[in-house]
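Participant: Counted the way UniProt numbering counts, the sequence shown spans residues 1 to 379.
Here's a structure for you.
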Amino acid sequence: MSDTNGETVLLLGAGERSSELALAFRHLGADVVTVSDHGETQALTALIDERRPRYVVADAATVATDALIAVAERDDVEVFPTPRATRLSLDGEGLRRLAADELGLPTAPFWFAGSVEELTAIVAHAGFPMVVKPVAAAPGEGESVLLRPDDVEPAWRHATAAGNLKRVIAETVVEVDFEVTLLTVRTTGAAGPTVHFCEPIGHHQNDDDALESWQPQQLSPTALDSAKSIAARIVNSLGGRGVFAVELLVRGDEVYFSDVRPRLQDSGLVTLRSQRLSQFELHARAVLGLPVDTIMISPGAVEVSYPDGEGRAVPDREIRAVLADALAVAESDVRLFPATAAGDDDDVPWLSWSTATAQDPIVARDRARRVATAVRRLR
Numbered sequence: 001m002s003d004t005n006g007e008t009v010l011l012l013g014a015g016e017r018s019s020e021l022a023l024a025f026r027h028l029g030a031d032v033v034t035v036s037d038h039g040e041t042q043a044l045t046a047l048i049d050e051r052r053p054r055y056v057v058a059d060a061a062t063v064a065t066d067a068l069i070a071v072a073e074r075d076d077v078e079v080f081p082t083p084r085a086t087r088l089s090l091d092g093e094g095l096r097r098l099a100a101d102e103l104g105l106p107t108a109p110f111w112f113a114g115s116v117e118e119l120t121a122i123v124a125h126a127g128f129p130m131v132v133k134p135v136a137a138a139p140g141e142g143e144s145v146l147l148r149p150d151d152v153e154p155a156w157r158h159a160t161a162a163g164n165l166k167r168v169i170a171e172t173v174v175e176v177d178f179e180v181t182l183l184t185v186r187t188t189g190a191a192g193p194t195v196h197f198c199e200p201i202g203h204h205q206n207d208d209d210a211l212e213s214w215q216p217q218q219l220s221p222t223a224l225d226s227a228k229s230i231a232a233r234i235v236n237s238l239g240g241r242g243v244f245a246v247e248l249l250v251r252g253d254e255v256y257f258s259d260v261r262p263r264l265q266d267s268g269l270v271t272l273r274s275q276r277l278s279q280f281e282l283h284a285r286a287v288l289g290l291p292v293d294t295i296m297i298s299p300g301a302v303e304v305s306y307p308d309g310e311g312r313a314v315p316d317r318e319i320r321a322v323l324a325d326a327l328a329v330a331e332s333d334v335r336l337f338p339a340t341a342a343g344d345d346d347d348v349p350w351l352s353w354s355t356a357t358a359q360d361p362i363v364a365r366d367r368a369r370r371v372a373t374a375v376r377r378l379r
C-alpha cells in the first residue's frame, strides 16, 4: 500500500464535483492544491515547477494538454488522465477511429465531414435519420438529428459553431433500448493493470435539462459481458489509473461503444448513495495506488438540477422549509450549492444534487424526482 502522507496532488478543476474529489484525496492523507485556471500552458508549467506535486489530476476538459505532456515526461510526477487520454477525449475523430478501426469495438456506422458538401454526400449515401455533432465539443453540444435534406446545412452550422474544429461526425441512428454509463476503474499493481466495474448506470436528460441517473440499469448477462469487454479494451488502451466513464448503447444483447470520458461525470453522482465507495473515492484511491472495490450497497438514483438564469434571493427560512420537505422523502439526501459567487443580498442560482435509495431502482428514481421537485422551489 502506498504511503500518501505528505504527497501533493495538483487538482485541475473547479466547481462542486472537483471539491468532492479534493475531499476524497484529503481523506487519504494527500495534500491537495486545486487550480481552476488551467488552460494556459506556461502558467500551468510554472505552477507545477513551484508546487512540485507527486500527482497532477485533471478534472476538466479544458486543460493545457501541451503542459501535461511535458510534465508526464518527468520521473517525479504522474499525470492523470494520461496526456493521450486527455487528447483523445477532445478529439472525437481520433477516439472513434481508435475504438472502431484499431480495437474493433462495435459502434454505430459513422463518417467524418469537413464541409457542407461532404456532409451532403454522406447523407445521400447513408440516408436518414442521422446524428451530426462536432468532433470536439462537450457531450450534447452542437448535436442535431437530420430527418430531411433541408436539415443538412443548419446541422453543419450548429455543429461547427459549438466545436473547436470545422469538422463533424455523422452517425447512423441505431435503434437502442437505452444508454448506460459503465464506470470503469483502472488500477495498477504488482500483477499489472486491473480493471474494476461498477454496476451499469442508466441516465437521461429531462425536459427541464435536469440530469437523472440511476443504478443499476439492468442488462442481460450477454449484454453485461459485452459491455465489460468493450470498457476494458478502451480503458486499457487509454492507460493510466482512475475512473473512466464509458458510454454505451444497448439493444437487447447487443452493445455499441459510444464514448469514453477519462474523468468523473455527473451521471456518476448516484454512487454517493448507491455504492460503498463513491466515484470520487474510487478515483482518489486508484490514482494514489490504493486498493478499490465497486460494491453497490443499494439501488439508487440522482437528479442533478442545473441553474437556469440568474436565480433569486432566497431567505434562509425558505431554504430550510424546502430542505425539510425534500428530506422528508424516505432514504433521501440533498446537496445544495450556490452556482455563482455572490454577496448576501445578491440573487443566486442554485445547483442541486437530489439523491435517494430504495430496494428497487424504480422506487429510488421516484424518490429522487420527488426530492428534486421540492428543491426546484428555490428557483
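Note that beta-carbon positions come from the ideal geometry of N, C-alpha and C, so glycine has one too.
Just so you know, these numbers come straight off a predicted model, no measurement behind them.
1) State yes or no: is the C-beta of F80 within less than 9 Å of the C-beta of G242?
2) Could you name the residues of the same chain whose beta carbon sits closer than 7 Å to that of A364, not counting the 5 residues immediately before and after it, in chain order?
3) Which one of A30, T41, R84, H283 has the shortest CA to CA distance from residue 381?
4) What's the gap between the Cα of V176 and the Cα of A60?
5) Within the continuous alpha helix (DSSP H) that includes E117, where are the two ends?
6) Do you know how far the Cα of D266 is from the Cα of D345?
7) Could you spell out the range, first to last residue, of the beta strand (DSSP E) harbouring P134?
8) Short check: CB of P149 to CB of V180, under 9 Å?
9) Is T222 buried or exposed, if buried means 16 or more other CB atoms sit within 10 Å of its CB?
10) Could you give the uninterrupted runs of the beta strand (DSSP E) lying entirely in the region 163-244, keeping only those of 3 residues or more?
11) Is V371 helix, strand or coil by DSSP?
12) Ordered along the chain, which non-local residues of its own chain (more than five positions away) have a Cβ less than 8 Å from that of D66?
13) How many Å lie between L103 and L248 at the Cα?
14) Please report the distance separating the alpha-carbon of F25 from that of L165.
15) Going by alpha carbons, who is nearest to V123 out of F257, V168, L47?
16) Quick one: Cα of Q205 to Cα of D75, how far?
17) So what does DSSP say about D344, is it helix, strand or coil?
18) What whole-angstrom Cβ distance do R367 and A330 have, given they're in contact under 8 Å?
19) Return the first residue and the last residue of the alpha helix (DSSP H) that L327 is part of.
20) Is L378 helix, strand or coil when you go by DSSP?
21) Rounded to whole angstroms, what's the CA-CA distance from E281 to V35? Just pull it up for me.
Facilitator: According to the structure data:
1) Taking 9 Å as the Cβ cut-off, F80 and G242 qualify as a contacting pair.
2) W214, P299, G300, A301, A356, T357, A358, listed in sequence order.
3) Because the chain here runs from 1 to 379, residue 381 falls outside it and cannot be looked at.
4) Distance from the CA atom of V176 to the CA atom of A60, rounded to whole angstroms, is 30 Å.
5) Where E117 is concerned, the enclosing alpha helix (DSSP H) stretches over 116-126.
6) Only weak support exists for where D345 lies, its pLDDT of 47 falling under 50; the value from the coordinates is given anyway. About 30 Å.
7) Taken as a continuous stretch (DSSP letters only), the beta strand (DSSP E) holding P134 covers 130-134.
8) No; because the gap between Cβ atoms is not below 9 Å, this pair is not in contact.
9) Exposed.
10) List check, beta strand (DSSP E) in window: 168-172, 178-189, 192-197, 201-205, 211-215.
11) Helix, per DSSP.
12) The answer, listed in chain order, is T41.
13) Spanning the two alpha carbons is a distance of roughly 15 Å.
14) Cα to Cα, the separation comes out at about 35 Å.
15) Distances from the CA of V123 to each of F257, V168, L47 were compared; the closest alpha carbon is that of V168.
16) Looking at the two C-alpha atoms, the distance is approximately 43 Å.
17) Note on D344: pLDDT 49, under 50, position unreliable in the model; the coordinate value appears next. Here D344 sits in coil by DSSP.
18) With 8 Å as the limit, R367 and A330 qualify as a contact, their Cβ atoms being about 6 Å apart.
19) In the DSSP assignment, L327 falls within the unbroken alpha helix (DSSP H) covering 316-327.
20) Helix at L378.
21) Going by C-alpha positions, E281 is about 20 Å away from V35.
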